[in-house]
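Asker:
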Amino acid sequence: AGTEEVVFGKVGGSILLLCRNVSKEATEVVWFQGDPRSFPPLFSSKVAFPPDVRFSLVDNSSLRITGLRVQDEGNYTCKEVLNKTDHEHRVQLLVASKSVLCLWISSLESHRSPDSPGTGNNLFPPCALVPQGLALVTVRGFAGQPPAWSLLAVLLWLRNFSNHVLFFLIDPPHSTPKCWAETSSSGLMLQLFCSWPGGYPHPTLHWREEGHDLENSSWVISSTSSSDTHVETLNSSHLSHRKVFKCVGSHVVKQEEPACTVEIKIPSLESEPPKTCFVGDNVTLTCRVTESTPAARLTWLRGITQPEVEIQPGGRYLITQEGNVSRLTIQNCSQGTDGGCYVCKAQNPVGPRELFVCLTVKEPVNIVGVVGAVVVLSLLAVLTITGIILYYNPLLCLR
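Anchor point for the sequence shown: position 34 equals 34 in the UniProt record's numbering, and the numbering is continuous, going up by one each time.
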């Protein structure tokens, strides 16, 4: 089983060839320039080869080449040494000659047709006359009145001068890489996303943690790339609060390597004060996530003695969630079954966090009984006062 990709470099520059699809159990990684069945090893993570300061291994797997030469162009294969598997990853390296004059056309105001360019015009420098190497043609856009210059016509005209010129439409991304973290569908693993759109060819992206590439570390479950987005899926056993991951991007026409970072965080929770519910009424308990990277899954658990009994919506329980706020509504409160503390649990791959939300259920106040009692007490008070007055002043009764 193997994977393939194409990377671009230029003479004098450096390039990192990532060894993807390698098992974490692999004891040795060997690099070949060409077919492993036809060429001797170029570099190994264990065996010492004749020194070449231009070649080095990164994280004991990826191959870094500095001071690129035209002769370095070709196919490279990394192969793991493991009895149980036979994983390979093939990389095609294309090297642009530094002596080639790059044609950067921002706009063409002239209306001369490329079918008859003439020898005196300056629209097309003689990069097509270079006998070998790559001519990098970056076309930003065309302007002018009809007949407007056709991109295809320009390339065909340049192509007529030499069969040794390979044309690329090269455009670096105009933004910076964007990073974010998500939870896998199983809820147990962390997924790191890095996207750097808008460039051609697509950029090379790789994740790093504390200065080391994640590509072949023991906690990487899988690594996938799709055009301008790279995703690493990590085992949660190595994660910790506020751990920082960095995504580094590189492109064939950019000197700098822009980066973005993601800081993962365990969930933090807050809730409203304890609630009170009268028997037969409805009450809503609220729980809010104030911080979590990636986003946390919120659940409600019943009771302190059995915290792992998750409340399922249905019957008298209604659970709703809007963004980072979850609400548990209890209908027709019962003093015997609903009173006590509930557990709001938030969990992401970094870890869980729990918060207690307590509910007191009371019998409703009997208004009729209270009014009757007040009336009776009032009558007793009147009769008592009247009796006292008559006792001490009996003449009032005779009058």
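Ideal Cβ positions, reconstructed from N, Cα and C, are used throughout, including at glycine.
Nothing here was measured: the structure is a model prediction, and the numbers come from that model.
Mind reading off the beta-carbon distance from residue 297 to residue 270? Whole number of angstroms is fine, and I expect it under 8 Å.
Answerer: Contact doesn't hold; Cβ gap of about 17 Å is too wide.
Asker: Please tell me whether residue 29 and residue 78 are closer than 9 Å, where the distance is taken between their beta carbons.
Answerer: yes
Asker: According to the neighbour-count rule (16 or more other Cβ atoms, all chains shown, within 10 Å of its Cβ), is residue 249 buried or exposed?
Answerer: buried
Asker: For residue 392, is the classification buried or exposed, using 16 other Cβ atoms within 10 angstroms of its Cβ as the cut-off for buried?
Answerer: exposed
Asker: Where do the N-terminal and C-terminal ends of the beta strand (DSSP E) with residue 207 fall, by residue?
Answerer: Counting along the chain, the unbroken beta strand (DSSP E) around residue 207 starts and ends at 204–209.
Asker: Does DSSP put residue 176 in a helix, in a strand, or in coil?
Answerer: coil
Asker: Within the same chain, show all residues whose beta-carbon is closer than 8 Å to that of residue 261, passing over the 5 residues directly before and after it, in chain order.
Answerer: 179, 244, 245, 246, 247
Asker: Could you spell out where the beta strand (DSSP E) holding residue 232 opens and where it closes?
Answerer: 229–235
Asker: Verify whether the separation of the beta carbon atoms of residue 215 and residue 61 is less than 9 Å.
Answerer: yes
Asker: Expressed to the nearest angstrom, what Euclidean distance is found between the alpha-carbon atoms of residue 364 and residue 313?
Answerer: 26 Å
Asker: Beta-carbon separation of residue 345 and residue 285 under 9 Å?
Answerer: no
Asker: Counting along the chain, where does the beta strand (DSSP E) carrying residue 76 start and finish?
Answerer: 74–81
Asker: Have a look at residue 235 and residue 324 and give me their C-alpha separation to the nearest angstrom.
Answerer: Taken atom to atom, the span from the alpha-carbon of residue 235 to that of residue 324 is near 24 Å.
Asker: What ranges does the beta strand (DSSP E) occupy inside the UniProt domain "Ig-like" (267–348), keeping only unbroken runs of at least 3 residues that lie completely in it?
Answerer: Those beta strand (DSSP E) runs which fall completely within the UniProt domain "Ig-like" (267–348) and span 3+ residues are 275–278, 283–293, 297–302, 317–322, 325–330, 340–348.
Asker: Under a three-way DSSP split, which group does residue 351 fall into?
Answerer: In the structure shown, residue 351 sits in a strand (DSSP, three-state: E or B).
Asker: Please report the residue range of the beta strand (DSSP E) in which residue 89 lies.
Answerer: Segment 88–96, the beta strand (DSSP E) holding residue 89.
Asker: Helix, strand or coil for residue 187 per DSSP?
Answerer: coil
Asker: Is residue 283 near the ligand NAD, going by C-beta to nearest heavy atom under 8 Å?
Answerer: The ligand NAD is not part of this structure, which contains no ligands at all.
Asker: Just to confirm my understanding: we take residue 353, look at its own chain, exclude 5 residues before and 5 after, and list those with CB closer than 7 Å. What are they?
Answerer: 266, 267, 268, 269, 346
Asker: Please say whether residue 382 and residue 335 have beta carbons closer to each other than 9 Å?
Answerer: no
Asker: The beta strand (DSSP E) that contains residue 69, what's its start and end?
Answerer: Looking at the DSSP string, residue 69 is not in any beta strand (DSSP E), and its letter there is neither H nor E.
Asker: Inspect the beta-carbon positions of residue 183 and residue 190 and report whether they are closer than 9 Å.
Answerer: yes
Asker: Identify the continuous beta strand (DSSP E) that holds residue 42 and give its terminal residues.
Answerer: For residue 42, the uninterrupted beta strand (DSSP E) run begins and ends at 41–44, by DSSP.
Asker: How should residue 16 be labelled, buried or exposed, when 16 other C-beta atoms within 10 angstroms of its C-beta is the threshold for buried?
Answerer: buried
Asker: Thinking C-alpha only, which one of 10, 38, 350 is nearest residue 241?
Answerer: 350
Asker: By Cβ distance below 7 Å, which residues in the same chain neighbour residue 203 in space, the five residues on each side in sequence not counted?
Answerer: 173, 196, 228, 249, 250, 251, listed in sequence order.
Asker: Tell me the rounded alpha-carbon separation between residue 308 and residue 290.
Answerer: 23 Å
Asker: Mind checking which residues open and close the beta strand (DSSP E) that includes residue 31?
Answerer: DSSP places residue 31 inside the beta strand (DSSP E), whose first and last residues are 28–33.
Asker: So, is residue 348 buried or exposed, given that buried needs 16 or more other C-beta atoms within 10 angstroms?
Answerer: Classification of residue 348: buried, given that the 10 Å Cβ count is 16 or more.
Asker: Can you give me the start and stop residues for the beta strand (DSSP E) that residue 215 sits inside?
Answerer: Taken as a continuous stretch (DSSP letters only), residue 215 belongs to no beta strand (DSSP E), as it is neither H nor E.
Asker: Near residue 272, what residues of its chain come up, given a Cβ to Cβ distance below 8 Å and the 5 sequence neighbours on each side ignored?
Answerer: Taken in chain order, the residues that qualify are 285, 286, 357.
Asker: Mapping the DSSP letters down to three states, classify residue 380 as helix, strand or coil.
Answerer: helix
Asker: Taking Cβ to Cβ, would you say residue 340 is nearer than 9 Å to residue 303?
Answerer: yes
Asker: May I have the straight-line CA-CA distance separating residue 389 from residue 372, to the nearest angstrom?
Answerer: So the alpha carbons of these two residues sit roughly 26 Å apart.
Asker: When the Cα of residue 92 is compared with those of 321, 8, 70, 337, which residue comes out closest?
Answerer: 8
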